[in-house]
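Counting in this note's numbering, the first sequence runs from 5 upward without gaps. C-beta atoms are modelled at their ideal positions from N, C-alpha and C, and glycine is treated no differently. These numbers were taken from a predicted model, which means no experiment stands behind them. Each remark here refers to the structure printed beneath this line.
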Amino acid sequence: MGVAGAFAHRLLAMVRAPKGAPKERVIRLAWLCISYLWGFLAMSPVRVRFAPSPTGALHIGGVRTALYNFLLARQTGGTMILRIEDTDQSRYVPGAEEYILESLAWAGIHIDEGVGVGGPHAPYRQSERKQLYRQFAEKLVAEGHAYYAFDTEAELETMRKSLLAAGGSTLPYGSQTRAQMANSLTLPSAETSLRLQRGDEYVIRLKVPADETIHLHDLIRGDVYVHSSQIDDKVLMKSDGMPTYHLANVVDDHLMQISHVIRGEEWLPSAPLHVLLYRSLGWADTMPQFAHLPLLLKPDGHGKLSKRDADQMGFPIFPLNWTDPKTNELVKGFRESGYLPEALLNFLAFLGWNPGTEQELFTLPELINAFQLERIGKAGARFDIQKAKWFNQQYLKQKSVADLAPFLTAELTARDRSVSETTVALAITILKERITFPHELWSEGEFLFVAPTTFDESVAAKKWNAEAVAVIRAYKDALIATEPFTAPAVKDVLEKTTQALHIGTGKILQALRLALTGRGTGPDLMIAMEIIGREGVVARLEHALKTLTVKS
RNA sequence: GGCCCGUUCGUCUAGGGGUUAGGACAUCAGAUUUUCAUUCUGGUAACAGGGGUUCGAUUCCCCUACGGGCUACCA
């Protein structure tokens, strides 16, 4: 619909345009048709997956990967699949899967099919698909594309060392070295079957061709070529009976009819291996398209953003709070730090992608509409929290008073304070323009409801002088009789008081603020006074006059 | 070390053979706000370097430098 509309619009614009010779126009028209036809083809429903492994908290780069997958799925009316890649039992972390599910739900990245929702290709947890992978691995062995290998870790280590000693650039296990190792290619077949029957530990390795250039077309990076001598005979099935990522990933993507593999750049080096696997399994013609995303880098640009950066850098990198089950250490999440999911998504979308226009604020539907894989950049993007904060502020500003009210009322009820709805609404109105996070409603606005117990020393030293004291003393007396006690009335009285004393209002305003709030800065003071109310204002002024002393 | 990918203001990026190299965040200054914040206006600020190709290169090609990724029976 959107595409058709845009097409019609441009067509119309072109026909109307007086510019260009007729012939030129025809060419341009043809071009336009071709490009939109291409666009339609690219818009055909897509099946994409987000496939994290439950080894800890999902980090923010993973959320971005999920987001890009999701955007493409929604844009094309396609399907977003969640697959859990839990083939490494030793790295499994309890709670991680639930964490992933909850994070995606919070972010608004909806899963159509997969863990948590089910679907036609269930199960979606790789540990539960174990038997499937074995079948394909055995098939590869039977067809000569893979082989059994019996080498122990120690033997592999020895090989590695000897290669290194020889000045080796050769892979530890590949076409150059496999002939010297203990595997079904070198051992007599009787020996192989004996070992297999006996229950010796073994792995299944892919037999990578010796001399071939493997081509890979990446939607983001273009054509990538890797020589097969650079790829080692990767383990497909581990000795514990589990597949490695490479096998499980390719098998599942094929079986689940994935059309686009959108994942981090760290997978680019093994992508040619995956191409080889698709070929060996006879699935070359239905191989998905690849798009390898630029990485999210640490703020200093050195290294990819990692879990360790979380609290060292002073900003979250996990979507939600995460308590490490081993260390019991709590790491704060974006949600708990006050980031709004729509702001985080908007920020994340722009880390490595942009629409090519000058619009920066995008709702989710707008992102879905504007997103294009082709417009994803190639270079790694540093993670800069400043911009995330700005996005958050923008989205927070758009929130209604009703949306924000709970943040304030929760704090108030926690303190057994009951405040009228209109007062809360008034407080939010003056506070919301100044804050970046919802919790700042309280940190910035607490004084509206609770009298200050301390005063900012530096402000007092600068602003609390004889003039201020004179004005505040007179003002306090005048306020006792002020009726009604509203912002305009209170302002009027203040102006009259200062005029009578021949002192500029501006000169004493900060002292007044200090007396009322304990601080030198804050929201509109007159409205604040209305919220505090006559009784509170007078009491606070009296307290301040007693407590603060004029320093000469 | 080897292989792969990359490099436009401090950061995210637009652009692309001839542009005053555009925007946003951050920063600085001014205006508004009788304070601060918000808002508005303006400023500082970038094509990594060297060779080609070309009338012309930031844009295309090569090399170098730098950065990143991978190099596990981890994903």
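- In the DSSP annotation of this structure, Leu435 is not part of any beta strand (DSSP E); the continuous alpha helix (DSSP H) holding it starts and ends at 425–435.
- Counting the other Cβ atoms within 10 Å of the Cβ of Ala214 gives fewer than 16, which makes it exposed.
- If the five residues before and after Leu301 are omitted, its C-beta is found closer than 8 Å to the C-beta atoms of Gly307, Lys308, Leu309, Gly384, Ala385, Arg386, Phe387, all from its own chain and listed in chain order.
- Within the same chain, Cβ atoms closer than 7 Å to the Cβ of Leu505 are found at Ala474, Val475, Ala478, the five residues on either side in sequence being excluded.
- Here Met185 carries a coil assignment [DSSP, helix/strand/coil].
- For the pair Gly540 and Leu86, the Cα-to-Cα distance works out to about 56 Å.
- For Gly178 and Pro49, the gap between their C-alpha atoms comes out near 39 Å.
- Under the three-state reduction of DSSP output, Gln293 falls in the strand class.
- Leu529 is positioned such that its CB atom lies no closer than 8 Å to that of Leu545.
- With fewer than 16 other CB atoms across the displayed protein chains lying within 10 angstroms of its CB, Asn332 is exposed.
- DSSP, read as helix, strand or coil, puts Phe489 in coil.
- Between Met533 and Val497, the C-beta spacing is not below 8 Å.
- Around Thr486, the same chain offers Ala493, Val494, Val497, Arg538 as residues with beta carbons nearer than 8 Å, after the five sequence neighbours per side are excluded.
- For Ala146, no beta strand (DSSP E) run applies; the uninterrupted alpha helix (DSSP H) run containing it begins and ends at 134–146, by DSSP.
- The way I'd put it, the region 275–290 doesn't touch the region 320–339; fewer than three beta-carbon pairs between them come closer than 8 Å.
- If you check the CB distance, Lys211 and Tyr151 come in under 8 Å.
- For Thr521, the enclosing alpha helix (DSSP H) starts and ends at 509–521.
- Counting only runs of 4 or more residues that sit fully inside the region 251–297, the alpha helix (DSSP H) segments are 275–284, in chain order.
- No Cβ-Cβ contact shorter than 8 Å links Ser232 with Val207.
- A Cβ-Cβ distance of about 32 Å is found for the pair Trp446 and Val554, leaving them out of contact under the 8 Å criterion.
- Contact annotation: Ser263 and Arg68 have beta-carbon atoms that are not nearer than 8 Å.
- The criterion of a C-beta distance shorter than 8 Å is satisfied by Pro345 and Gly112.
- Assignment of Met241 by DSSP, reduced to helix, strand and coil, places it in the strand class.
- At a Cβ-Cβ threshold of 8 Å, Leu416 and Val423 count as neighbours.
- In the DSSP assignment, Thr217 is bridged to His231.
- Burial state of His149 is buried, judged by a 10 Å Cβ sphere holding 16 or more other Cβ atoms.
- Cβ-Cβ distances below 7 Å link Val230 to Ile218, Pro276 in the same chain, with the five nearest sequence neighbours on each side left out; the list follows chain order.
- Annotation: the continuous alpha helix (DSSP H) that includes Tyr103 extends over 100–111.
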